[in-house]
Amino acid sequence: MNTRRPVNRVTSKRRPSAGAITRPRKVAGRVPHPVSSAAEAVAQTPPSRGARAEGASDAPPRRRFGRPGSSWTVVIGSLVAAVLLAGFAAVAATRPGVNDSNAAFVDTAGTEEVRAAAEHALHTIYAYDIKDIDGYQAAVRSVVTGAMLTDLDKFADTTISAIKQSQTSADARVEPIGVTMLTDDRAELLVNLVVSSTKGGAAQQSVAGPVVLRMQKVDGRWLASDIVDR
Numbered sequence: 001m002n003t004r005r006p007v008n009r010v011t012s013k014r015r016p017s018a019g020a021i022t023r024p025r026k027v028a029g030r031v032p033h034p035v036s037s038a039a040e041a042v043a044q045t046p047p048s049r050g051a052r053a054e055g056a057s058d059a060p061p062r063r064r065f066g067r068p069g070s071s072w073t074v075v076i077g078s079l080v081a082a083v084l085l086a087g088f089a090a091v092a093a094t095r096p097g098v099n100d101s102n103a104a105f106v107d108t109a110g111t112e113e114v115r116a117a118a119e120h121a122l123h124t125i126y127a128y129d130i131k132d133i134d135g136y137q138a139a140v141r142s143v144v145t146g147a148m149l150t151d152l153d154k155f156a157d158t159t160i161s162a163i164k165q166s167q168t169s170a171d172a173r174v175e176p177i178g179v180t181m182l183t184d185d186r187a188e189l190l191v192n193l194v195v196s197s198t199k200g201g202a203a204q205q206s207v208a209g210p211v212v213l214r215m216q217k218v219d220g221r222w223l224a225s226d227i228v229d230r
């Protein structure tokens, strides 16, 4: 009796054709939930700018600051002071109840006279050349009176000695000059004073700021009697 060996028939795996539709496999107890096209669109859509903004709202905003100490500070301060002085002039000339003795902006010639005297006095006090420092005290004495003359006599020697030791020179600019009060023998001015120093031809630190200059008329000349920092 011939014994035949069993033949193993292996059925090759068939690949689904390109047009075939893959159906979800059914599992007992589970119901397949097809993904809708709307959900797919949401899943594939990148986050919008609004969503990114909400996510980044917790982060502190970035602030930018300008560079301090620029040369524009003095320029802007001068412009602001000029506008304020112009406004004061308009109000002082038209506002009822202003003291009639205040001739500022009313007496044009008198206003210009005291303004020129103030500029000369401030330049004499704050500007000096180390080469001519020995004549500084006499020059300042010719433009001051009252409390400023008293202070000059007290501190002139110390001031001149310090200038000689430091070997510095100084220049002063007054811009603008606004006359806020003017009578026959008294005047008050608002000034933006800029003082810059040099040493050996090299520029040193500059100082700028508004001051109130009070002047008194003595023997027909306007002299500086007091200076108050604002």
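Residue numbers are given in UniProt numbering: position 159 of the sequence shown equals residue 159, and the series is strictly consecutive. We put the CB at the ideal spot given by N, CA and C, even for glycine.
{"Query": "Backbone CA spacing between residue 290 and S225 [nearest angstrom]", "Result": "Outside the displayed range of the chain (1 to 230) lies residue 290, so it cannot be described from this structure."}
{"Query": "Three-state secondary structure (DSSP) of R173", "Result": "strand"}
{"Query": "Residues near S197 in its chain [Cβ-Cβ closer than 6 angstroms; skip 5 each side]", "Result": "T168, A170, Q204"}
{"Query": "Delimiting residues of the beta strand (DSSP E) encompassing Q204", "Result": "202 to 218"}
{"Query": "Element boundaries [beta strand (DSSP E), containing D226]", "Result": "221 to 229"}
{"Query": "Straight-line gap, G110 to A104 (C-alpha atoms, nearest Å)", "Result": "8 angstroms"}
{"Query": "Cβ distance (whole Å) where T183 is taken to contact L190 below 8 angstroms", "Result": "No, T183 and L190 are not in contact; Cβ-Cβ is about 16 angstroms, not under 8 angstroms."}
{"Query": "Cβ-based burial, T145 [other Cβ within 10 Å; buried from 16]", "Result": "buried"}
{"Query": "Three-state secondary structure (DSSP) of V114", "Result": "helix"}
{"Query": "V191 - containing beta strand (DSSP E), residue span", "Result": "186 to 199"}
{"Query": "Under 8 angstroms between C-beta atoms of E119 and V174", "Result": "yes"}
{"Query": "Beta-ladder partner(s) of T168, from DSSP", "Result": "K199"}
{"Query": "Cβ-Cβ distance between V194 and V212 below 8 angstroms", "Result": "no"}
{"Query": "V106, DSSP secondary structure in three states", "Result": "coil"}
{"Query": "One or two residues paired with G178 in a DSSP bridge", "Result": "L190"}
{"Query": "Residue of D157, F155, V218, A202 minimising C-alpha distance to D185", "Result": "V218"}
{"Query": "Enclosing alpha helix (DSSP H) for Y136 [first to last residue]", "Result": "136 to 141"}
{"Query": "Opposing strand residues paired with Y128 [DSSP bridges]", "Result": "A170"}
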